[in-house]
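One structure is given here, and the rest of the page talks about it.
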Amino acid sequence: CSWQDCAWLISIPDDDVIVLSFLRFDVECVVSASGPYDYVRVHDGATESAPLLGTFHCSDAPTVVSSGRNLFVLFHSDSDFSFGGFEAQYTTARSHCAAFEHCG
């Protein structure tokens, strides 16, 4: 998937937060002085100007938790190499914790 800029806004009801988990993550690992060539950025809010929670590349993508009801996810790739991409899923913190016997 070359020369891609894709964005997703994840929104849930006001009284919960978002848990974003990456099931599969495989994007280009080459990094320049200005940062990785291919990446997924996750912002804690509804736009790209919201606080950055993380920039992920290679095979490094942890679970990310918002502080509120919105997450903005941005994927960028250049034209050099094509990798497998990523697959992510989200849930609310309430639903995520309900799946575990002991949570928070």
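Throughout the sequence shown, residue numbering follows the numbering used here, covering 15 to 118 in sequence. C-beta atoms are modelled at their ideal positions from N, C-alpha and C, and glycine is treated no differently.
Euclidean distance between Cα positions of residue i and residue j
i      : j     : result
CYS20  : PHE39 : 16 Å
PRO65  : ASP58 : 5 Å
VAL44  : SER73 : 12 Å
ILE32  : TRP17 : 28 Å
PHE86  : SER46 : 24 Å
TRP22  : LEU88 : 7 Å
ARG108 : ASP30 : 7 Å
Residue i, enclosing beta strand (DSSP E) - first and last residue
i      : result
GLU101 : 99-106
ARG55  : 53-57
GLY68  : 66-70
ARG38  : 32-40
PHE95  : Run containing PHE95: none; DSSP gives neither H nor E here.
DSSP three-state assignment for residue i, whether helix, strand or coil
i     : result
SER25 : strand
SER48 : coil
SER73 : coil
Contacts around residue i, its chain only, beta-carbon distance under 6 Å, and the 5 residues preceding and following it disregarded
i     : result
SER35 : THR77 and GLN103
PHE97 : ASP40, VAL41 and GLU42
Burial state of residue i, where buried means 16 or more other Cβ atoms lie within 10 Å
i     : result
PRO27 : exposed
PHE70 : buried
SER63 : exposed
SER25 : exposed
Beta-carbon proximity list for residue i, same chain, < 8 Å, skipping 5 on both sides
i     : result
ASP92 : SER16, TRP17, GLU42, TYR51 and ASP52
Same chain, Cβ closer than 7 Å to residue i, five either side skipped, listed in chain order
i     : result
PHE95 : GLU42
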